[in-house]
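Sequence order for the protein chains is Y and R.
Heads up, the first sequence is in the working numbering, so the first residue is 9 and it goes up one at a time.
Heads up, the second sequence is in the working numbering, so the first residue is 9 and it goes up one at a time.
All C-beta atoms, glycine included, are put in the ideal place defined by N, C-alpha and C.
There are 2 protein chains.
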Amino acid sequence: MDLSRLLEPERVAVVGASDEAGSVGRALLENLSTFEGEVIPINPNRESVLGTQCYPEVGAVPDVASVDLAVVAVPAAVVVDVVRDIGEAGIGSVVVVTAGFSETDDEGAQRERELVAVAEEYDLDLVGPNCVGVINTKTGLDATFIQGKPPEGSISLMSQSGAFIAAVLGWAAQHDVGFNDVVSLGNEAVLDEVDFVAEWGDDPDTDVILAYLEDVEDGREFIETAREVTSDTPIVVIKSGRTEAGAEAAASHTGSIAGRDRAYDAGFQQAGVLRATDIQEVFEFGNVLAGQPLPAGDEVAVVTNGGGPGVLAADAIGDTRLTMAEFGANVVDELDDLLPAEGDATNPLDIVGDADVDRFRRALDAVLGADEVAGAVVLSVPTALFEFEELAGVIGDCHERHGKPVVACLMGGDEADRAADELKAYGIPNYFDPARAVPSLEALADYRDVRGREYASPTEFDVDRDRASEILSQALERGVDRLSVEATDLLDAYGVPVPDGALAESPEDAAAIAGEIGGPVALKIASPDLLHKSDVGGVKVDVAPADAADAFRAIRDRATDHDPDATVLGVRVEEFVDLADSTETIVGATRDSQFGHLLMFGLGGIFVQIYEDTAFRTAPVSEREAREMTAEIHAAPMLRGARGRRPADLDAVVETIQRVSQLVTDFPAITELDVNPLVVGPEGAYAVDFRARVDRDELSRSL
Amino acid sequence: MDLSRLLEPERVAVVGASDEAGSVGRALLENLSTFEGEVIPINPNRESVLGTQCYPEVGAVPDVASVDLAVVAVPAAVVVDVVRDIGEAGIGSVVVVTAGFSETDDEGAQRERELVAVAEEYDLDLVGPNCVGVINTKTGLDATFIQGKPPEGSISLMSQSGAFIAAVLGWAAQHDVGFNDVVSLGNEAVLDEVDFVAEWGDDPDTDVILAYLEDVEDGREFIETAREVTSDTPIVVIKSGRTEAGAEAAASHTGSIAGRDRAYDAGFQQAGVLRATDIQEVFEFGNVLAGQPLPAGDEVAVVTNGGGPGVLAADAIGDTRLTMAEFGANVVDELDDLLPAEGDATNPLDIVGDADVDRFRRALDAVLGADEVAGAVVLSVPTALFEFEELAGVIGDCHERHGKPVVACLMGGDEADRAADELKAYGIPNYFDPARAVPSLEALADYRDVRGREYASPTEFDVDRDRASEILSQALERGVDRLSVEATDLLDAYGVPVPDGALAESPEDAAAIAGEIGGPVALKIASPDLLHKSDVGGVKVDVAPADAADAFRAIRDRATDHDPDATVLGVRVEEFVDLADSTETIVGATRDSQFGHLLMFGLGGIFVQIYEDTAFRTAPVSEREAREMTAEIHAAPMLRGARGRRPADLDAVVETIQRVSQLVTDFPAITELDVNPLVVGPEGAYAVDFRARVDRDELSRSL
């Protein structure tokens, strides 16, 4: 797809152009007055609009096929006909600002389906409907009906909320955030966020992509497209519905609220998309990514003429992944030369209140020239010794000479604002509060990691897919959607290690299986109706083979006592896994409506229940991603052998996560699967219990 | 203490006044040009300074005793003499801006001691040295040498960093933050943060106290003073050294870095002081607390003309203690009347992009008039339908009529800035980003709780203080600073429940004690040299009385094997406490150099080690505070009976915390004390193991 005629048109038709005060058609024409190309008003009731000749319909425009873009602002009822005319006339790009489609009622939804059909018929690149329009600063194209013109720049912004664009344009202009394209996505009937990610990924004029998103239609497609784009162009997203209150407000889903946001977090992480938590941050990240080089490391120098603000900057660094650089002997020597007696060549580097710009320059040269410093925060309070604008020039110059990222906090009022303009020329952002400056530097470090990482395909393990199919078919035949220990072989078929064992249907069976195992066994009720096996007395562990038959009877009787109607498929008899020296973990998978399967890893029990100490990725995962999951939980040290214990076999966990990933990816009808616990010892892991749930309809279609 | 002559003087002498360009003495005089009272330059080398008659020394000023304040800006070497002259002349208040005192070297520290001696001799209220001065906006007094004049207001600010004040004044003026007093505390040789907390607590012109602090000299005094003040006047503090990187940068301590900040957190919490995490927040909290009433509840309504920003506001609310208000039937009816067809009477309330100010007014009236709404966030994106300034008036009017707190996000550029001025007249802050607006509303709710809480004195339990003294004396006689199970009676003396038992010095002893207990016992090595008892095989549990003698021998032998030189005081033999159905908790106390003893509560093992899931308070704690500690850990549900277990006896834990608090408060020489574990079951708690450490010198003086 190539959206250049949409975003950089030469001829633009405005259908519904009007000179009526307060009308959208007039606002569009007024905003388009800055457009370098030709604007062609279309309105059957007018000869001319705002002094420009008007045509009754697009078909009447001379050489209409060379019109690049049509902007549609007519009543909802006639939009579909107008768009058909546009397609018929050979215009390939359309922006429909009109509201009254799927965001309203059934009638509107029907209208939107018709619109999509027409767009498909004529292969139209269509933005909207129900959007505020599009902007391209390079050509002066402002095909929106909202106020505020953004300055030119290399950031491209898209938003699923038109109000968001209306809200930020004025502020962005005030804060010197420059844009290339701005697109209001509206209802995304045709073009959606993925199309613009792809378009801007290929666009040399776009250095950074920013997005306000409320939802992603196709998570997998988004991840795959964004993953490629972020290897070259950073993407920063603010995704609303981040907290429970926000998600309820967005009301854009039906499943688990917290779970949904985790899917986005995981998807963004895997796609290399940076996620901002507030509006200011989106634009701050955008600005710094557009203006500054990436740091080679995480070590930051803080250079300041005021002690207190320096400590606050260090505090802010402590809140991030960044670290305070430790100056080596060479730097300390250089600094000792330039600091007054009361100065101290440590980081944060307080060059003292009587510093002039020259001392700033020498200090910056010393620290930015050092290998142990990857970037710098420069703070200054106003003093009588220099003007901020002069200091801004020095900072910019040092930044350019050393090629390392720098952010500034020239703290003050109007004087600081003037200096910010000077710094902007060097791509250096200025902040009042160090607590805002530091996260921007961190965003650079985060994006450096995104760029540096190599995408590895998920490993394809050699598995017994047919056997898995067969086990799922059996469940289907039994008429249930829940699987438990009776289907343990499902895991085995995919190479997930399970204790040796089999399903016993009688006490004699149980004795025979236990005899074969030849050591202590565990027995577990297999029933789709008794999910909490332990609670109903359905589990016995460390049973001698000689006692296996009795244990079978006891378990079956208790199950029947508990629920006489429960279907009992039997009792699984398996090798007893001694938990001593082992850790209980959980590997889970839940199907998400947007992102496919979401994989979860965590430690069992209170770790997950009380602390929600879990890691998520969307399936399928690569080995690197599976390994990241085991490393990023807080309790990771427990697995690595904290408290004098032998380290757990992490490789076995990493492989289990990948194999579960492959299983649910091969069988999308599995809606939930929990290996809980996956017991991990120093020499291997065992899936000691498991549960799954399937979408029966989908399963029957796919098998 | 009454600091009104310092902060609202009528006659001010400036010692070291000068007209030399760039000098501090000149900057002071220039800044004082706005002062309504009399400015008297003092300089032996000049007849007049900047056109005002100059005196050679304070003693030469006519009617010198009626001079209220002397500002000193002379070289460090002569400061002490000058201040003596000031005291001699009968001037009671002094601000020393000169640097070169304890912040520099030994000589400077000596100079500061002399300055303190002079101040004490003449009973001077002295600010500084090494500060940028003081400001009182009501009298136009700007006795600082820095740039920027804050607007008048009801916020009083103090700072231990002069640079902090220099950094924020310009920004604060730009953002319309109005001040009453601004004080640069400098080295706090005489007056410190506690003095100004007390002064401003009594000052009718100060509605809110803000502070930038790097350290608090006397934590107990600060807590006690601030606790009284915050019942009437909110205090917001930004305390640097919050993170490890920040604390290292502040380098203001020697002990545990993270621990130190926890002491501050606990102290601020107990004193009712709100803690801000960044500079902007300090002033945002200050502004909202000065301008808005306190909400009766935590339920917030969001009213917006743009859906996206509304959802972002809900997200921000999800990040706080605040909740989204649920509109009752009456409100819904009212809203249904005023909303267009596509509108929805839910919260966030999107009154849709075509809303005019009248719809805003009606919507605000509906939600603010409802009991289920305690406050509101009003968001607006710019539209062609109204000017922000008009909307600002409507918001202010609704706020005044309903008397509930309101914050605004009129999102945009210059237009928003103009509207902010209008809102300011109603005390309503305006923000660009909802993520900043919501924490301000939360600060109001937090302060409402501070105001509402009743301070209860710590309970004085009936304890056996003499016996505790005796046990500590025994440790002193043994020449050790570490106490362990041999001193279990220390806890018993203070009513902390311990298992029945005694110290056995021989196998026969052990058998006798066990026989008396008459059931299974636990044996634990008592040795100041073997702190990790279990690691050296020094503990045996669930031992039958008949085996107690053997167990004694085994423990003693293993201890001797492990460290032949270890002093072994014996083996404690005590009732074995079965851990089934119980939870291991930790109650600890560590002495902090500023705040006295810091009490800690948490669950044992990984809860503390991996998740640092702990609650802290400074001792002595009231029952309410002890109870809060048990409630605020994440794992609190474990104690309340999660996962099908019987609830633990929380009252026993709460009482144990209070008794430990009383013990360490009575014996400040105890530098560390850990009850670990305190085993808590459904019917009581037991201190199953404990360790303590004492400051021997202090202990020998106090006993």
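- Under the DSSP definition of a beta bridge, K532 of chain R partners with R:V547 and R:R580.
- Looking at the DSSP output, P49 of chain R shares a beta bridge with R:V22.
- Under DSSP, E307 of chain R forms a beta bridge with R:T331.
- With a threshold of 8 Å between beta carbons, Q288 of chain R makes contact with chain Y.
- By the neighbour-count criterion, in which 16 or more other beta carbons inside 10 Å mark a residue as buried, H540 of chain R falls on the exposed side.
- The beta carbon of G361 of chain R falls within 8 Å of a beta carbon belonging to chain Y, placing the residue at that interface.
- The alpha-carbon separation between E350 of chain Y and A107 of chain R amounts to approximately 11 Å.
- Contact between V216 of chain Y and V244 of chain Y holds, with the beta-carbon distance rounding to 7 Å and staying under 8 Å.
- By the neighbour-count criterion, in which a residue is buried when 16 or more other Cβ atoms sit within 10 angstroms of its Cβ, E128 of chain Y is exposed.
- Around the beta carbon of L123 of chain Y, 16 or more other beta carbons sit within 10 angstroms, so the residue counts as buried.
- Relative to P317 of chain R, the option among R:T673, R:V360 and R:Y502 whose CA is nearest is R:V360.
- Remark: C-beta atoms of A384 of chain Y and L343 of chain Y do not approach each other more closely than 8 Å.
- The DSSP assignment places complete alpha helix (DSSP H) segments of no fewer than 4 residues inside the stretch 359 to 407 of chain Y at 365 to 376, in order along the chain.
- For the pair S708 of chain R and A271 of chain R, the Cα-to-Cα distance works out to about 27 Å.
- Assignment of beta-bridge partners to K412 of chain Y by DSSP yields no partner.
- With a cut-off of 8 Å on Cβ pairs, the stretch 637 to 655 of chain R is not in contact with the stretch 598 to 605 of chain R, counting fewer than three such pairs.
- The beta-carbon of M332 of chain R is placed less than 8 Å from the nearest beta-carbon of chain Y.
- The beta carbon of Y272 of chain Y does not come within 8 Å of any beta carbon belonging to chain R, so the residue lies off that interface.
- Taking the Cα positions, V72 of chain R is about 12 Å away from E18 of chain R.
- The secondary-structure analysis by DSSP pairs F698 of chain R across a beta bridge with R:V683.
- Counting other Cβ atoms within 10 Å of its Cβ, Q277 of chain R reaches 16 or more and is therefore classed as buried.
- Residues of the stretch 169 to 185 of chain R whose Cβ lies closer than 9 Å to any Cβ of chain Y, in chain order: S169, G170, A171, F172, I173, A174, A175, V176, L177, G178, W179, A180, A181, Q182 and H183.
- Annotation for E592 of chain Y: the continuous beta strand (DSSP E) segment containing it runs T591 to D600.
- Among the CB atoms of chain Y, one or more fall inside 8 Å of the CB of L320 of chain R.
- Interface criterion not met: the Cβ of R268 of chain Y is under 8 Å from no Cβ in chain R.
- Exposed is the label assigned to A85 of chain R, since fewer than 16 other Cβ atoms lie within 10 Å of its Cβ.
- 8 Å or more divides the Cβ of G45 of chain R from the Cβ of V80 of chain R.
- A Cβ of chain Y is located within less than 8 Å of the beta carbon of P356 of chain R.
- The contact set of P137 of chain Y on chain R, defined by CB atoms closer than 9 Å, is empty, because the minimum CB distance reaches about 14 Å.
- Within chain R, no C-beta atom comes less than 7 Å from the C-beta of Q277 of chain Y; the nearest is roughly 19 Å away.
- Between P536 of chain R and P572 of chain R, the alpha-carbon positions lie close to 13 Å from each other.
- From the listed residues Y:V290, Y:V616 and Y:R699, the smallest Cα separation to H642 of chain R is found for Y:V616.
- With fewer than 16 other CB atoms across the displayed protein chains lying within 10 angstroms of its CB, G460 of chain Y is exposed.
- The beta carbon of S481 of chain Y is closer than 8 Å to those of L711 in its chain, skipping five residues each way along the sequence.
- In the three-state reduction of the DSSP assignment, V140 of chain R falls in the coil class, being assigned neither a helical nor a strand state.
- Among the bridge pairs identified by DSSP, D133 of chain R is matched with R:S101.
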